[in-house]
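> Going by my numbering, the first residue of the sequence shown is number 39, and it counts up by one from there. Each residue gets a CB set at the ideal place from its N, CA and C atoms; glycine is no exception.
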Amino acid sequence: MKMRALSTLALFVLAWTAGPVLAADPLPPMPWMPKGFSVKSIDEQNLPESMKEKIRAKVRYMNEHKVIPASEHEVADFAVIEAEHRARNKAHPSTTFTPSNLDATTLGGQPLLGAVTHGVYNNNSWSGLSRLFSHPQLERVLLDETDLATPGGGATFTKEMINADINGAPGMILSQQGSEKKSITRLMWYAGGMLYELSIPRVDDQSRDALLDIARQLRR
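1. Is it buried or exposed, P66, if we count other Cβ atoms within 10 angstroms and call 16 or more buried?
2. Flag this pair as yes or no: are the beta carbons of S165 and D185 separated by less than 8 Å?
3. Assign A142 to one of three DSSP states: helix, strand, or coil.
4. Can you tell me which of the three DSSP states A253 falls into?
5. Thinking just about the alpha-carbon of each residue, which of K219, K220, L212 is nearest to the one in W227?
6. Go ahead and pull the three-state DSSP assignment for E177.
7. Which residues in the same chain have their Cβ closer than 6 Å to the Cβ of S76, if we skip the five residues on either side of it in sequence?
8. At a cut of 8 Å, does the region 108-126 reach the region 88-98 through at least three beta carbon pairs?
9. Find the nearest neighbour of V158 within the set D242, I238, A187, A142, judged by alpha-carbon distance.
10. Tell me, to the nearest whole angstrom, how far the beta carbon of T133 is from that of S163; I am working on the premise that it is less than 8 Å.
11. For Q255, I'd like the list of residues in its chain whose CB is within less than 7 Å of its CB, leaving aside the five on either flank, ordered along the chain.
12. Is the beta carbon of E122 sitting closer than 8 Å to the one on V97?
13. Can you say whether Y99 is buried or exposed, counting buried as having 16 or more other CB atoms within 10 angstroms of its CB?
14. Looking only at C-alpha atoms, which of V179, K104, E177, E218 sits nearest to M210?
15. Which runs of the alpha helix (DSSP H) at least 4 residues long sit entirely within the region 65-143? Give them in chain order.
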(Lines of atoms letter the chains of each structure in order from A and count residues from 1; the text may use other names and numbers.)
(Lines give C-alpha, C1' and ligand atoms only; values in the text may rest on other atoms or scores of the structure.)
Protein backbone atom coordinates (compact mmCIF):
# COMPACT_ATOMS: atom_id res chain seq x y z
CA MET A 1 0.00 0.00 0.00
CA LYS A 2 1.33 3.40 -0.93
CA MET A 3 0.15 6.85 -0.06
CA ARG A 4 0.22 9.53 -2.72
CA ALA A 5 -0.06 13.26 -2.06
CA LEU A 6 -2.61 14.54 -4.55
CA SER A 7 -2.34 18.30 -4.02
CA THR A 8 -1.84 21.01 -1.44
CA LEU A 9 -5.13 19.78 0.00
CA ALA A 10 -3.13 16.79 1.24
CA LEU A 11 -3.14 18.36 4.70
CA PHE A 12 -6.90 17.95 4.72
CA VAL A 13 -7.47 14.76 2.73
CA LEU A 14 -5.44 11.59 3.04
CA ALA A 15 -5.64 9.32 0.01
CA TRP A 16 -3.92 6.08 -0.89
CA THR A 17 -4.08 3.41 -3.53
CA ALA A 18 -3.25 -0.27 -3.18
CA GLY A 19 -0.62 -1.52 -5.59
CA PRO A 20 2.26 0.17 -7.42
CA VAL A 21 1.77 3.91 -7.78
CA LEU A 22 3.29 5.25 -10.98
CA ALA A 23 3.88 8.83 -12.10
CA ALA A 24 4.45 9.81 -8.46
CA ASP A 25 7.05 9.35 -5.78
CA PRO A 26 5.50 6.82 -3.36
CA LEU A 27 5.93 7.28 0.36
CA PRO A 28 6.54 4.42 2.82
CA PRO A 29 3.60 2.02 3.41
CA MET A 30 0.81 3.38 5.60
CA PRO A 31 -0.95 0.28 7.05
CA TRP A 32 -3.17 2.46 9.23
CA MET A 33 -4.87 4.06 6.22
CA PRO A 34 -8.44 2.74 5.85
CA LYS A 35 -10.07 1.48 2.70
CA GLY A 36 -13.07 3.26 1.28
CA PHE A 37 -14.14 6.74 2.29
CA SER A 38 -14.41 8.27 5.74
CA VAL A 39 -14.70 11.63 7.44
CA LYS A 40 -12.71 12.18 10.63
CA SER A 41 -12.05 15.13 12.88
CA ILE A 42 -8.49 16.35 13.33
CA ASP A 43 -8.26 14.69 16.72
CA GLU A 44 -9.51 11.35 15.37
CA GLN A 45 -6.80 11.07 12.72
CA ASN A 46 -3.68 9.04 13.34
CA LEU A 47 -1.28 11.86 12.47
CA PRO A 48 1.74 13.41 14.15
CA GLU A 49 0.74 16.21 16.51
CA SER A 50 2.83 18.67 14.51
CA MET A 51 0.75 17.98 11.41
CA LYS A 52 -2.48 18.28 13.41
CA GLU A 53 -1.39 21.72 14.59
CA LYS A 54 -0.73 22.79 11.00
CA ILE A 55 -4.23 21.68 10.02
CA ARG A 56 -5.82 23.48 12.99
CA ALA A 57 -3.98 26.67 12.08
CA LYS A 58 -5.17 26.45 8.46
CA VAL A 59 -8.75 25.85 9.59
CA ARG A 60 -8.66 28.82 11.98
CA TYR A 61 -7.34 31.08 9.25
CA MET A 62 -9.92 29.85 6.74
CA ASN A 63 -12.73 30.57 9.19
CA GLU A 64 -11.64 34.22 9.18
CA HIS A 65 -10.39 34.62 5.60
CA LYS A 66 -11.41 33.00 2.33
CA VAL A 67 -7.91 33.14 0.87
CA ILE A 68 -4.89 31.57 2.57
CA PRO A 69 -1.42 33.04 1.96
CA ALA A 70 0.98 30.40 0.69
CA SER A 71 4.57 29.96 -0.37
CA GLU A 72 5.27 29.81 -4.09
CA HIS A 73 5.86 26.05 -4.12
CA GLU A 74 2.40 25.51 -2.59
CA VAL A 75 0.64 27.39 -5.41
CA ALA A 76 0.57 25.49 -8.68
CA ASP A 77 1.89 27.31 -11.74
CA PHE A 78 -0.71 26.84 -14.46
CA ALA A 79 1.85 27.65 -17.15
CA VAL A 80 3.84 24.62 -16.00
CA ILE A 81 0.67 22.52 -15.77
CA GLU A 82 -0.29 23.49 -19.32
CA ALA A 83 3.16 22.69 -20.68
CA GLU A 84 3.07 19.26 -19.03
CA HIS A 85 -0.39 18.45 -20.32
CA ARG A 86 0.49 19.50 -23.86
CA ALA A 87 3.71 17.48 -23.79
CA ARG A 88 2.19 14.32 -22.29
CA ASN A 89 -1.23 14.55 -23.93
CA LYS A 90 -3.09 11.25 -24.36
CA ALA A 91 -5.49 11.44 -27.27
CA HIS A 92 -7.32 8.29 -26.18
CA PRO A 93 -6.42 7.60 -22.55
CA SER A 94 -7.24 4.17 -21.16
CA THR A 95 -8.68 4.43 -17.65
CA THR A 96 -10.43 2.15 -15.17
CA PHE A 97 -13.46 4.47 -15.26
CA THR A 98 -15.50 6.47 -17.74
CA PRO A 99 -14.44 10.13 -17.52
CA SER A 100 -17.14 12.57 -16.50
CA ASN A 101 -19.39 14.01 -19.19
CA LEU A 102 -18.96 17.79 -19.37
CA ASP A 103 -21.78 18.70 -21.74
CA ALA A 104 -23.97 20.23 -19.02
CA THR A 105 -21.11 22.33 -17.61
CA THR A 106 -19.44 25.49 -18.86
CA LEU A 107 -16.52 23.25 -19.87
CA GLY A 108 -18.68 21.65 -22.56
CA GLY A 109 -17.31 22.65 -25.94
CA GLN A 110 -14.26 24.40 -24.49
CA PRO A 111 -10.79 23.59 -25.91
CA LEU A 112 -9.06 20.63 -24.29
CA LEU A 113 -5.40 21.60 -23.88
CA GLY A 114 -4.26 18.15 -22.83
CA ALA A 115 -5.06 14.98 -20.90
CA VAL A 116 -2.59 13.10 -18.68
CA THR A 117 -3.08 9.71 -17.02
CA HIS A 118 -1.71 8.93 -13.57
CA GLY A 119 -2.12 6.73 -10.51
CA VAL A 120 -2.16 2.92 -10.53
CA TYR A 121 -1.53 1.14 -13.83
CA ASN A 122 -3.16 -2.29 -14.10
CA ASN A 123 -4.56 -4.34 -16.99
CA ASN A 124 -3.55 -1.64 -19.49
CA SER A 125 -5.57 1.03 -17.69
CA TRP A 126 -4.77 3.92 -15.38
CA SER A 127 -6.73 4.81 -12.24
CA GLY A 128 -6.41 8.57 -12.74
CA LEU A 129 -6.97 11.17 -15.45
CA SER A 130 -6.19 14.87 -15.44
CA ARG A 131 -7.69 17.14 -18.12
CA LEU A 132 -6.82 20.81 -18.66
CA PHE A 133 -9.29 23.12 -20.40
CA SER A 134 -9.24 26.68 -21.63
CA HIS A 135 -12.18 28.68 -20.25
CA PRO A 136 -13.40 32.16 -21.28
CA GLN A 137 -14.04 33.37 -17.70
CA LEU A 138 -11.84 31.16 -15.54
CA GLU A 139 -8.78 31.14 -17.86
CA ARG A 140 -7.75 27.54 -17.19
CA VAL A 141 -9.68 24.73 -15.49
CA LEU A 142 -7.94 21.54 -14.36
CA LEU A 143 -10.19 18.53 -13.76
CA ASP A 144 -8.59 15.56 -12.03
CA GLU A 145 -10.48 12.29 -11.51
CA THR A 146 -9.05 9.36 -9.56
CA ASP A 147 -10.62 5.93 -9.22
CA LEU A 148 -9.85 4.86 -5.65
CA ALA A 149 -12.32 1.96 -5.47
CA THR A 150 -11.02 -0.29 -8.28
CA PRO A 151 -7.43 -0.62 -6.99
CA GLY A 152 -8.69 -0.93 -3.40
CA GLY A 153 -7.77 2.54 -2.22
CA GLY A 154 -9.47 5.03 0.03
CA ALA A 155 -9.63 8.60 1.28
CA THR A 156 -10.19 10.34 4.59
CA PHE A 157 -11.51 13.90 4.65
CA THR A 158 -10.87 16.19 7.59
CA LYS A 159 -14.26 17.07 9.09
CA GLU A 160 -13.31 20.62 10.01
CA MET A 161 -12.34 21.33 6.39
CA ILE A 162 -15.60 20.28 4.75
CA ASN A 163 -17.20 23.49 3.49
CA ALA A 164 -19.05 22.51 0.30
CA ASP A 165 -21.85 20.20 -0.81
CA ILE A 166 -21.58 18.61 -4.25
CA ASN A 167 -24.94 16.98 -4.91
CA GLY A 168 -24.97 15.49 -1.42
CA ALA A 169 -21.27 14.59 -1.39
CA PRO A 170 -18.93 16.34 1.07
CA GLY A 171 -16.48 18.74 -0.53
CA MET A 172 -13.61 21.03 0.41
CA ILE A 173 -12.82 24.28 -1.36
CA LEU A 174 -9.56 26.09 -0.67
CA SER A 175 -8.13 29.31 -2.14
CA GLN A 176 -4.45 30.18 -1.87
CA GLN A 177 -2.53 33.31 -2.85
CA GLY A 178 1.20 33.17 -3.48
CA SER A 179 3.63 36.02 -2.95
CA GLU A 180 4.22 36.60 -6.67
CA LYS A 181 0.60 37.03 -7.77
CA LYS A 182 0.10 33.33 -8.42
CA SER A 183 -3.20 32.10 -7.05
CA ILE A 184 -5.25 28.92 -7.07
CA THR A 185 -8.63 27.68 -5.91
CA ARG A 186 -9.09 23.95 -5.48
CA LEU A 187 -12.31 22.03 -4.95
CA MET A 188 -12.13 18.38 -3.93
CA TRP A 189 -14.92 15.88 -3.29
CA TYR A 190 -15.53 12.14 -3.15
CA ALA A 191 -18.46 10.29 -4.71
CA GLY A 192 -19.09 6.77 -5.98
CA GLY A 193 -15.58 5.51 -5.30
CA MET A 194 -14.04 8.47 -7.16
CA LEU A 195 -11.96 11.36 -5.87
CA TYR A 196 -12.49 14.55 -7.87
CA GLU A 197 -10.55 17.78 -7.92
CA LEU A 198 -11.17 20.99 -9.87
CA SER A 199 -8.56 23.76 -9.90
CA ILE A 200 -8.44 27.27 -11.36
CA PRO A 201 -5.84 30.09 -11.18
CA ARG A 202 -8.31 32.51 -9.51
CA VAL A 203 -9.55 33.19 -5.97
CA ASP A 204 -12.43 35.69 -6.35
CA ASP A 205 -15.94 34.82 -5.14
CA GLN A 206 -17.46 34.70 -8.64
CA SER A 207 -14.84 32.20 -9.80
CA ARG A 208 -15.32 30.05 -6.69
CA ASP A 209 -19.07 29.94 -7.39
CA ALA A 210 -18.42 29.03 -11.04
CA LEU A 211 -16.16 26.18 -9.91
CA LEU A 212 -18.89 24.83 -7.62
CA ASP A 213 -21.39 25.00 -10.50
CA ILE A 214 -19.09 22.93 -12.73
CA ALA A 215 -18.70 20.29 -10.02
CA ARG A 216 -22.45 20.01 -9.49
CA GLN A 217 -23.14 19.67 -13.21
CA LEU A 218 -20.62 16.90 -13.98
CA ARG A 219 -22.22 13.67 -15.13
CA ARG A 220 -20.87 10.11 -15.17
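Put simply:
1. Note that P66 scores 40 on pLDDT, short of 50, meaning its location in the model is unreliable and no value can be drawn from it.
2. Closer than 8 Å, so yes.
3. In the three-state reduction of the DSSP assignment, A142 falls in the coil class.
4. Reduced to three states, the DSSP call for A253 is helix.
5. Of K219, K220, L212, the residue nearest in Cα terms is L212.
6. In the structure shown, the three-state DSSP call for E177 is strand.
7. Around S76: T194.
8. In short, these stretches do not touch, since the Cβ pair count stays below three.
9. Minimum Cα distance to V158 is reached at A187.
10. Yes, they are in contact, since the Cβ atoms of T133 and S163 sit about 6 Å apart, within 8 Å.
11. If we look at Q255 and ignore the five residues flanking it on each side, its Cβ neighbours are A142, T143.
12. No, the pair does not count as a contact, with Cβ atoms beyond the cut-off.
13. Exposed is the call here.
14. Measuring from the Cα of M210, the nearest candidate turns out to be K104.
15. Qualifying alpha helix (DSSP H) stretches, in chain order: 87-102, 116-125.
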